[in-house]
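*Asks:* Please see the structure below; I have some questions.
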Amino acid sequence: MRDFEDYCWRDLVDDEVRHIYSPYVRNRSVGKRPALLVIHGAIPDAAQRLIDEFRRRKLPVVHSGASVGDEPSCPRPCESAFFSTDLERVLKRVGARSLVVCGAPTSGAVRASAVEGKSFGYKVALAEEAVADETAFLHKMALFDMAHKYADVMSLEELLAQL
Amino acid sequence: MSAGQIEHLWSDVVDAPTRALLARRKVPPFAGSRPAIVAVDLYDLVYDGGPRPVRELIESYPASCGEYAWNALPPTIELYKRARSRGVPIVHVTYDTRAETDPRGIHPTNRQRRQKDLSLYRIKEELAPVEGELVVYKKRASAFFGTPLAAFLNELGADCLMIVGESTSGCVRSSVVEAWSLGYPVAVVAECVYDRHPLTQKTALFDLHLKYATVMTLEQACARL
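Order-wise, the sequence lines are chains A and B.
Mapped onto the numbering used here, the consecutive letters of the first sequence carry residue numbers 1 to 163.
Mapped onto the numbering used here, the consecutive letters of the second sequence carry residue numbers 1001 to 1225.
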């Protein structure tokens, strides 16, 4: 796996920032029995790749937004996929014990859902290519914050290798 | 609030294409007549090591916000003074340090070095609750998650919130998003929130103003109390 700071935000952070956030550096992994939480927005191609790979491995895919086929969906009235939805019940029903979050926007619903997922006690992983935002700056800084505090951020290939 | 009065808070960090999003988005005015102040995580731990640059403190005090914490102290004291003189409730939020509420390995963030001295989660003396003010003890990033905060605010009759505290990109941000989700107009008082570095502080202020809250100066906030 690449160095903890060697992801899309690398051009925005200098040595001082890396030093200040060094207490958060750690090994990263996808948790046990992951479900893929798809935040429906302008989702990037890599998110579709994750959806395909989860389906191929018979791992649960849960949609936050419009339903897709017979996969469960939880329409989302606010920002977090958990807020005022039955996502917690659905995750129990599909036997999920950790989350992989993909979709858009990175700094909006993806971030709010990843943070609340961690608050609910799920280990959360993200692939940087499988989330997207309106601008590169918002995307990179949201991933920087999540990677340090709330979620294990890695590349798509690194994440797929762990499924 | 026009963006012109506050855009200096982030314009040297947030790039031009991102700042342009704000011009296209309608930030609703901060509405409401019965505000409450929610003060997030203003405990001794973040003042640890004194008012020094965070880079000099991080080895010995990994949770400290150093000079940023200390710089925010006088304006926050001023905001509290104004709120108390106007009868505006202040709800204080800190970490629940009871050992039996700490399941193995589950923490608010993924910071690897943990604070062993739990007395440092005492609210800073200068900002301590006065008699009659409520305190919420939390275990997660958002001040609402698993706490009675939403019920307290209903009982207090608050119809809008001003949020202060730390860290801007962490617990303040999560609390603002949840307050917004619950339907509150939310203000974030710029001088009274802080983080560990201007990059995370200014990005969070901008992003909160873009999406969920009205970022305002202390002077503007006091005028609303």
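Every residue gets a Cβ at the ideal spot worked out from N, C-alpha and C, and that includes glycine.
Please read these numbers as outputs of a predicted model, since none were measured by experiment.
In angstroms, rounded to a whole number, what distance separates the CA positions of I39(A) and D45(A)?
*Replies:* 13 Å
*Asks:* Taking C-beta to C-beta, are V1172(B) and W1180(B) nearer than 8 Å?
*Replies:* no
*Asks:* Cutting at 6 Å between CB atoms, please list the residues of its own chain near A1190(B), excluding the five before and the five after it.
*Replies:* L1009, V1215, T1217
*Asks:* Listed from N- to C-terminal order along the chain, which residues in the segment 1052–1075 of chain B have their beta-carbon within a distance smaller than 7 Å of any beta-carbon of chain A?
*Replies:* V1054, R1055, I1058, P1062
*Asks:* Can the beta-carbon of V201(A) be found less than 8 Å from the beta-carbon of C74(A)?
*Replies:* This structure leaves residue 201(A) out entirely; chain A is present only between 1 and 163.
*Asks:* So which residues on chain B does S98(A) lean against when the C-beta distance must stay under 7 Å?
*Replies:* Chain B residues near S98(A): none, gap ~13 Å exceeds 7 Å.
*Asks:* What distance in whole Å lies between the Cβ atoms of V94(A) and A35(A), which are believed to be in contact at a cut-off of 8 Å?
*Replies:* 6 Å
*Asks:* Going by Cα to Cα distance, which pick from D145(A), E158(A), F137(A) is closest to D11(A)?
*Replies:* Ranking the options by Cα distance to D11(A), first place goes to F137(A).
*Asks:* My understanding is that I1058(B) touches S22(A), with C-beta atoms under 8 Å, so please give their C-beta distance in whole angstroms.
*Replies:* 7 Å
*Asks:* Counting Cβ pairs, one atom from each stretch, are 3 or more of them under 8 Å apart for the segment 1019–1037 of chain B and the segment 1084–1104 of chain B?
*Replies:* Look at the beta carbons and you see the segment 1019–1037 of chain B touching the segment 1084–1104 of chain B: at least three pairs across the two are nearer than 8 Å.
*Asks:* Would T1168(B) count as contacting chain A if we go by Cβ distances under 8 Å?
*Replies:* no
*Asks:* Listing by chain order, which chain A residues have their CB less than 9 Å from the CB of A1141(B)?
*Replies:* V115, E116, K118, S119, K149, Y150
*Asks:* Report the neighbours of S1181(B) on chain A: residues whose CB is nearer than 9 Å to its CB, in chain order.
*Replies:* P77, C78, E79, S80, F83, S84, A112
*Asks:* Among the candidates E1056(B), K1139(B), L1208(B), whose CA atom is the shortest distance from the CA of M1162(B)?
*Replies:* L1208(B)
*Asks:* Helix, strand or coil for R10(A), going by three-state DSSP, please let me know.
*Replies:* In this structure, R10(A) counts as helix in the three-state DSSP scheme.
*Asks:* Against chain A, with Cβ distances strictly below 8 Å, would H1209(B) count as a contact?
*Replies:* no
*Asks:* If we ignore side chains and look at the alpha-carbon of each, how far apart do G1032(B) and R57(A) end up?
*Replies:* 51 Å
*Asks:* Do you know offhand how far D133(A)'s Cα is from S1169(B)'s?
*Replies:* 17 Å
*Asks:* Please confirm if A1213(B) has its CB atom under 8 Å from at least one CB of chain A.
*Replies:* no
*Asks:* For a test of the three-state rule: what should DSSP assign to Y1047(B), helix, strand or coil?
*Replies:* In the structure shown, Y1047(B) sits in a helix (DSSP, three-state: H, G or I).
*Asks:* Tell me whether C1192(B) sits in a helix, a strand or coil according to DSSP, three-state version.
*Replies:* strand
*Asks:* Quick one: what's got a C-beta closer than 8 Å to T85(A)'s C-beta in the same chain, skipping five residues either side?
*Replies:* Close CB contacts of T85(A) within its chain, under the 8 Å cut and outside five residues either way in sequence, are with S64, C74, P75, R76, P77 (chain order).
*Asks:* Let's see if you can read the secondary structure: which residues bound the alpha helix (DSSP H) around K149(A)?
*Replies:* 136–149
*Asks:* With 7 Å as the C-beta to C-beta threshold (strictly closer), list the residues of the segment 1140–1159 of chain B near chain A in chain order.
*Replies:* R1140, A1141, S1142, F1145
*Asks:* T1101(B): buried (16+ other C-beta within 10 angstroms of its C-beta) or exposed?
*Replies:* That one is exposed.
*Asks:* According to DSSP, which residues form a beta bridge with S98(A)?
*Replies:* P34(A), K123(A)
*Asks:* Cα separation between A1069(B) and V1046(B)?
*Replies:* Separation of A1069(B) and V1046(B) (C-alpha to C-alpha, rounded to the nearest whole angstrom) is 7 Å.
*Asks:* Out of Y24(A), L163(A), C8(A), R28(A), which has the shortest C-alpha to C-alpha gap to M1(A)?
*Replies:* R28(A)
*Asks:* Per DSSP, what kind of secondary structure is A1187(B) in: helix, strand or coil?
*Replies:* strand
*Asks:* Of all Cβ atoms in chain A, is any one closer than 8 Å to the Cβ of L1205(B)?
*Replies:* no
*Asks:* Helix, strand or coil: how does DSSP classify S73(A) here?
*Replies:* strand
*Asks:* Do you know how far the Cα of L1134(B) is from the Cα of K149(A)?
*Replies:* 28 Å
*Asks:* Can we say the segment 138–146 of chain A touches the segment 105–112 of chain A, given the rule of at least three CB pairs closer than 8 Å?
*Replies:* yes
*Asks:* So what does DSSP say about G1165(B), is it helix, strand or coil?
*Replies:* strand
*Asks:* Can you tell me where the beta strand (DSSP E) with A1141(B) in it begins and where it stops?
*Replies:* A1141(B) -> no beta strand (DSSP E), and no H or E assigned at all.
*Asks:* For A1158(B), I'd like the list of residues in its chain whose CB is within less than 6 Å of its CB, leaving aside the five on either flank, ordered along the chain.
*Replies:* R1034, A1036
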